[in-house]
Amino acid sequence: MNEFRSTTQIVRAARATLPPHAWDYIVGGAETETTLRRNRIAIERLAFCARVLRDVEHIDTSTTILGTKLRMPYILAPVGSLQDIHPGGSASQVRGACAFGTLPVVSSVTQPSIEESGAAASGDKWFQLYVRGDIDWVAEVVGRARAAGFRALVITVDVAHYSNRERQRRHDWVADGRKAPGGPEFQARLNWETLDQIRAVAGMPVIVKGIQTAADAQIALDRGIDAVWVSNHGGRQLDHARATIDILPEVVSAIGHRIPVIVDGGFMRGTDIIKAIALGADAVAGGKMHAWALGAGGEPALARMLELLRIEVETAMALIGVTSIGELDATYVARDDNRAGSITPFPLLDEPDETQP
Ligand SMILES: Cc1cc2nc3c(=O)[nH]c(=O)nc-3n(C[C@H](O)[C@H](O)[C@H](O)COP(=O)(O)O)c2cc1C
73 MNEFRSTTQI
83 VRAARATLPP
93 HAWDYIVGGA
103 ETETTLRRNR
113 IAIERLAFCA
123 RVLRDVEHID
133 TSTTILGTKL
143 RMPYILAPVG
153 SLQDIHPGGS
163 ASQVRGACAF
173 GTLPVVSSVT
183 QPSIEESGAA
193 ASGDKWFQLY
203 VRGDIDWVAE
213 VVGRARAAGF
223 RALVITVDVA
233 HYSNRERQRR
243 HDWVADGRKA
253 PGGPEFQARL
263 NWETLDQIRA
273 VAGMPVIVKG
283 IQTAADAQIA
293 LDRGIDAVWV
303 SNHGGRQLDH
313 ARATIDILPE
323 VVSAIGHRIP
333 VIVDGGFMRG
343 TDIIKAIALG
353 ADAVAGGKMH
363 AWALGAGGEP
373 ALARMLELLR
383 IEVETAMALI
393 GVTSIGELDA
403 TYVARDDNRA
413 GSITPFPLLD
423 EPDETQP
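Residue 73 is where the sequence shown starts when you use our numbering, and the numbers rise one by one after that.
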């Protein structure tokens with residue numbers, strides 16, 4: 073494969089390669105897709121306050137989260153049904169992420185099995201769970217994840233009911249996540265007491281994914297959760313939710329650096345990642361980006377996507393005048409309501425490109 077020159081080329085290749093149902097599965101949001109758009113609008117509305125005349129010859133993009141060293145503060149969010157996007161499924165996600173030097177979070181509704189995904193690479197990895205059974209069922213699944221080498225458990229809490237995604241409904245195809253055995257009633261019943269029970273059987277750090285208010289972040293902290301993950305499921309669940317980057321400062325302030333804060337939702341450029349870190353996130357996660365990369369060309373395309381993103385992170389750091397992730401704080405960003413004209417992170421997606429591999 074010729075090397076992709078930009079992440080735009082990767083997304084374009086995914087669109088050309090994937091069957092329409094898989095493309096729509098990746099890009100679709102709930103109902104009017106307002107949450108999906110809002111995530112991007114809010115990121116775009118932030119502008120940098122760049123500092124100059126600082127020596128930025130050597131830049132270190134690395135960081136650490138829950139004891140795992142990352143080459144950049146960007147991890148791979150759980151994506152279900154990855155095997156329908158690329159035959160290697162979550163094993164390719166794990167290999168690509170670990171080879172690059174970041175964390176894969178493996179969905180509980182993707183293939184291959186927990187054991188095969190865990191064995192795909194020796195680096196650190198986390199396991200995401202949709203709670204679809206009683207506590208004995210949870211203990212059994214989590215025990216398998218632990219034995220397979222997963223180091224933390226991510227419980228997704230923003231899918232109490234399945235959302236209406238019309239883009240997906242146009243196809244005669246249903247994602248594994250919506251047809252997996254076990255009743256959706258367990259997801260609907262999930263509450264803080266269930267999370268206490270899960271923590272008691274987890275045997276590893278527990279992270280709550282889907283926090284959308286400072287109030288819930290505070291409860292998670294008080295109940296001993298190990299990290300909170302600010303997410304609106306990439307705009308795929310509740311429509312008309314707030315943009316995650318708008319929620320982030322409130323959550324960061326409630327948590328007060330006592331546990332890590334992760335954020336996702338529309339972060340697709342190095343500058344997007346740096347904005348979130350400046351506002352207090354410890355790491356940023358992405359879903360669509362690695363789904364597109366796997367769809368565009370499997371593990372080599374995923375490795376390339378991560379390297380292109382890392383170069384963007386490094387460039388953004390140099391141009392705002394910082395050399396390490398720890399230097400970033402809220403003084404580097406300001407809200408700017410002058411819309412820059414587009415909510416797409418890939419403005420050249422539909423333009424001719426004679427270098428497209
Ligand atoms: C195709 C697809 C499948 C997803 N499957 C899951 C899943 O199985 N479990 C989960 O917790 N989140 C899932 N998510 C949500 C992501 O983990 C993440 O929250 C979201 O994609 C972040 O937004 P972004 O795609 O704009 O980066 C999925 C997202 C996508 C795009």
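Glycine residues also receive a C-beta, built at the ideal position from the N, C-alpha and C atoms. None of the values given here were measured: they were computed from a predicted structure.
Which listed residue (the options) has its alpha carbon closest to that of residue i
i, options, result
"E212", "W198, I186, A193, A192", "I186"
"I207", "A272, A219, S396, A193", "A272"
"H362", "D132, R242, A102, I98", "I98"
"G306", "A299, D298, V300, A315", "A315"
"I297", "P184, P417, I317, G275", "G275"
"V302", "R216, A163, I317, R341", "I317"
"V177", "D196, A171, E188", "D196"
"H130", "P277, Q428, L420, T387", "T387"
"V214", "V324, T79, I270", "I270"
"A373", "H93, R110, F172, Y146", "F172"
"V394", "R407, R126, F418", "R126"
"T182", "L201, V324, A169, D409", "L201"
"T114", "G337, V124, G101, K360", "It is worth fixing the name first, because residue 114 is Ala in this sequence and not Thr. For the residues G337, V124, G101, K360, the minimum Cα distance to A114 belongs to G337."
"R218", "P184, L262, P429, P277", "P277"
"R250", "M389, P145, A299, R204", "R204"
"Q259", "D244, H243, W245, G282", "G282"
Start-to-end residues for the alpha helix (DSSP H) that takes in residue i
i, result
"L201", "Where L201 is concerned, there is no enclosing alpha helix (DSSP H), although the beta strand (DSSP E) it sits in stretches over 198-201."
"T266", "264-274"
"L320", "316-327"
"F258", "257-261"
"R87", "79-89"
"K347", "342-350"
"A163", "161-172"
"A292", "286-294"
"A192", "First-last for A192: undefined, no H or E at that position."
For residue i, the residue or residues it bridges with in DSSP
i, result
"R407", "L118"
"S396", "D132"
"L310", "Answer is none; L310 lacks a bridge partner."
"W301", "K281, I334"
"A94", "According to DSSP, A94 bridges with nothing at all."
"V226", "Q200, I279"
"G358", "L148"
"V124", "Paired residue(s): none; V124 is not in a bridge."
"V178", "F199"
"I137", "T140"
Distance CB(residue i)-CB(residue j) smaller than 8 Å
i, j, result
"R117", "I415", "no"
"G352", "L320", "yes"
"I383", "F120", "no"
"D248", "G370", "no"
"I327", "L293", "yes"
"T228", "L175", "no"
"E105", "N236", "no"
"R239", "D96", "yes"
"I331", "I397", "no"
"L148", "G358", "yes"
"A192", "G367", "no"
"S179", "P150", "yes"
"I442", "V333", "This structure cannot settle anything about residue 442, because the visible part of the chain is limited to 73 through 429."
"R87", "Q428", "no"
Span of the beta strand (DSSP E), counted from its first residue to its last, around residue i
i, result
"I147", "146-148"
"L142", "140-142"
Minimum Cβ-Cβ distance from residue i to chain C less than 8 Å
i, result
"T395", "Among the chains of the structure shown, chain C does not appear; only one protein chain is present."
Count the CB pairs spanning the stretch 124-136 and the stretch 158-167 that are closer than 8 Å, and state whether there are at least three. no
Would you say the stretch 286-295 touches the stretch 231-250, given that touching needs at least three Cβ pairs under 8 Å? no
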